[in-house]
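> The structure follows.
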Amino acid sequence: MKKTARGIVIQRFSYSETSLIVHCFTENEGLKSFLFQGAKKKKGVVLLPLSPIEFSYYQKDESQLAKMTDATLYQSFATIPFDPVKSTVVFFQVEILANVLHEGVVDKHLFDFLVEELAWLDENNTLANYPIYWMLELSQQLGFYPLKSEENTPYFDLENGEFLQFNPSNFTYKSGLEVNVLGSMLSLPKEVVLNFSIPKDLRKQVLQLLLVYFKHHIPNFNPTNSLEVIESIWE
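Here the sequence shown stands for residues 996 to 1230, numbered as in this note's numbering.
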């Protein structure tokens, strides 16, 4: 039976001279893989990373690869495809999402969050701190947003996701200026986080701290190019 769905393109791979394998985070079925036969020949088909698409597909058996038959944008972008900084941010987001999404895990709140943030990214240009903000918000969507219940907490317990006044006994903690900066950003309004004045090197350390934190909470989390890619927008 033919079905219609909405989704966000995560990755695509060549399958043949004319066809693609598309990994798509769908609104109602989570991450799902599709064979899109003849996709390279179809005019108007837009399958760029993080494109929000509406598409039709068939799946005769749950064990078989679903077959996408058409796809159109249901939310178009005015700037992201043409702005090298925004395209770099999207590349970063794609690599992170490819590491945290799992086949068949449905998360409507996460889907809505991603759609809303893509719309924001298309319309705004205050981006230096945006990867940090986005990762913090993503951690909240995934259920491990850091906890800070007191002031003067120079230690960040990576395993338990908590800022502490004293170093924990589990040895999986970080301390330093990047911990203080990250702790200062928690629970602040978006516009305040985005306008936080942070030197480039320290911004890198804060983002690196978040990547390490994700490794403690996401099995097999290994976005190999993320930090290097996002550094290019801080030059």
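Every residue gets a Cβ at the ideal spot worked out from N, C-alpha and C, and that includes glycine.
Quantities reported herein were computed from a predicted structural model and do not represent experimental measurements.
Name the one or two DSSP bridge partners that Ile1003 has.
The beta-bridge partner set that DSSP reports for Ile1003 consists of Phe1020, Pro1047.
> Do His1211 and Glu1154 have their beta-carbon atoms positioned less than 7 angstroms apart in this structure?
yes
> Can you grab the Cα-Cα spacing for the pair Lys1143 / Leu1159, in whole Å?
8 angstroms
> Can you list the alpha helix (DSSP H) stretches of 4 or more residues lying completely in the stretch 1096 to 1170, in chain order?
1103 to 1118, 1125 to 1137
> Could you work out which residue in Lys998, Phe1209, Lys1035, Pro1163 is closest to Lys1062 when comparing CA atoms only?
Just measuring C-alpha positions, the residue of Lys998, Phe1209, Lys1035, Pro1163 sitting nearest Lys1062 is Lys998.
> With a threshold of 16 other CB atoms inside 10 Å of the CB of Lys1036, please say whether the residue is buried or exposed.
That one is exposed.
> Can the beta-carbon of Phe1031 be found less than 7 angstroms from the beta-carbon of Leu1015?
yes
> Assuming Leu1189 contacts Pro1126 under a Cβ cut-off of 8 angstroms, what Cβ separation, rounded to an integer in Å, is found between them?
Not quite, the Cβ-Cβ distance comes to about 11 angstroms (not below 8 angstroms), so this is no contact.
> Ends of the beta strand (DSSP E) at Asp1078?
Where Asp1078 is concerned, there is no enclosing beta strand (DSSP E), given that its DSSP letter is neither H nor E.
> Can you tell me which of the three DSSP states Tyr1208 falls into?
helix
> Ala1066 bridges to which residues according to DSSP?
Phe1050
> Quick check on this structure: which residue in Pro1214, Phe1108, Asp1065 has the alpha carbon closest to the alpha carbon of Met1130?
That would be Phe1108, whose Cα lies nearest to the Cα of Met1130.
> Who does Lys1027 pair with in a DSSP beta bridge?
The bridge partners DSSP lists for Lys1027 are Cys1019.
> On the DSSP bridge assignment, give the partners of Ala1061 in chain order.
Phe1029
> Where does Phe1008 fall in DSSP's three states?
Reduced to three states, the DSSP call for Phe1008 is strand.
> Within its chain, find whatever has a CB closer than 7 angstroms to the CB of Asn1217; leave out the 5 residues flanking it on each side and keep chain order.
Asn1094.
> For Val1041, tell me which candidate among Tyr1053, Gly1002, Glu1022, Lys1027 has the shortest Cα-Cα distance.
Gly1002
> Using 8 angstroms for Cβ pairs, my map puts Leu1113 next to Pro1047. What's the rounded Cβ distance?
That pair is a contact at about 7 angstroms.
> So what's Lys998 in DSSP terms, helix, strand or just coil?
strand
> Just mark Gln1088 as buried or exposed, buried being the case when its beta carbon has 16 or more other beta carbons within 10 Å.
By the 16-neighbour rule on beta-carbons within 10 angstroms, Gln1088 is buried.
> Give me the residue from Gln1070, Lys1199, Gly1156, Ser1192 with the minimum Cα distance to Phe1209.
The alpha carbon of Phe1209 has as its nearest neighbour, out of Gln1070, Lys1199, Gly1156, Ser1192, the alpha carbon of Gly1156.
> Beta-carbon within less than 6 angstroms of Pro1149's beta-carbon, same chain only, minus the 5 sequence neighbours each way: which residues are those?
Ser1170
> Identify whether Val1188 lies in helix, strand or coil by the three-state DSSP scheme.
helix
> Run the proximity test for Thr1219: is its beta-carbon closer than 6 angstroms to any non-hydrogen atom belonging to the ligand NAP?
Among the ligands in the structure shown, none appear at all, so the ligand NAP cannot be discussed.
> Any idea what DSSP makes of Ser1182, helix, strand or coil?
coil
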